[in-house]
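Enquirer:
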Amino acid sequence: MSDASLAAPAYEAIPLPDPRSFSDAEMAERAAEFLEEMKTRHSIRDFAPTPVPRSVIEDCILAAGRAPSGANRQPWHFVAVGDPAMKKQIREAAEAEEKTFYDGKAGDDWLSALAPLGTDDEKPFLETAPWLIVIFAERYGVSAERKIVKNYYINESVGIATGMLITALHCAGLATLTHTPNPMRFLNDICGRPENEKPYMILVTGHAAKDATVPKHAKIKKPLEEIATFR
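In our numbering, the protein residues as written are 64 to 294.
1) Any chance you could list the beta strand (DSSP E) runs of at least 3 consecutive residues sitting entirely within the segment 136-207, in chain order?
2) Taking Cβ to Cβ, would you say K150 is nearer than 8 Å to V144?
3) Assign E75 to one of three DSSP states: helix, strand, or coil.
4) How big is the Cα-Cα spacing for P193 and I253?
5) Within this structure, are the beta carbons of E28 and F199 separated by less than 8 Å?
6) Do A134 and Y215 count as a contact pair if the criterion is CB distance below 8 Å?
7) Check this for me: beta carbons of T239 and T268, under 8 Å apart or not?
8) As a quick exercise: from E158, P147, V205, pick the residue whose alpha carbon is nearest that of T182.
9) Leaving out five residues before and five after A70 in sequence, what residues of the same chain have Cβ atoms less than 7 Å from its Cβ?
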């Protein structure tokens with residue numbers, strides 16, 4: 064029996080669930096409203112310790128799990144960390160990697176690009192924020208028969224799911240920060256994830272602190288003509 068036959072059911076079509084249809088005017092209004100909503104999304108580093116209900120995080124992760132993926136393999140796993148001791152572990156390990164990064168590993172060009180954002184090797188938000196969502200990319204699956212099952216378009220799939228998660232959290236009223244210490248393999252040990260999963264990102268989330276700031280540079284977004292071409 065092939066690995067593919069273990070992993071994939073036979074094709075069967077069903078009617079499109081919950082089809083949606085709006086008039087041109089309704090589409091324009093909804094698109095404009097969503098754009099205005101996303102204009103209020105900012106990456107921040109100043110989080111309040113205010114608790115966030117687990118149910119909110121669960122629903123946002125479930126929304127991310129609706130993302131499209133290569134061959135519908137859904138090659139992602141989200142570890143939601145709210146335990147203070149585990150967050151402290153993650154912070155200590157991340158800061159150790161970040162110190163090496165900022166001490167020269169990154170190179171002058173990268174450090175110069177980061178300078179307008181005001182970042183450094185200290186990451187207190189990893190303990191202050193109520194939730195850290197550690198995102199893992201599943202490099203390959205494992206069937207019930209312990210056979211390796213190939214996944215497809217892994218980075219693309221996990222990237223889309225991560226974007227949907229950030230959007231869901233923002234729409235729920237929460238702020239986020241994407242954090243990617245390099246390397247991140249320590250996250251497998253702390254989060255108890257298997258070797259077939261590769262750490263993809265730490266997504267920090269919670270309420271913004273009352274005195275939260277954002278880098279002025281980060282507010283500069285490219286105009287439509289620089290990010291899109293219509294033919």
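Just so you know, even glycine gets a beta-carbon here, dropped at the ideal spot from N, CA and C.
Expert: According to the structure shown:
1) 139-144, 194-201, 203-205
2) yes
3) coil
4) 17 Å
5) Nothing can be reported for residue 28, as the shown portion of the chain is limited to 64 through 294.
6) yes
7) yes
8) E158
9) With a pLDDT of 48 at A70, under the threshold of 50, the modelled position of that residue is not reliable, and no figure is offered here.
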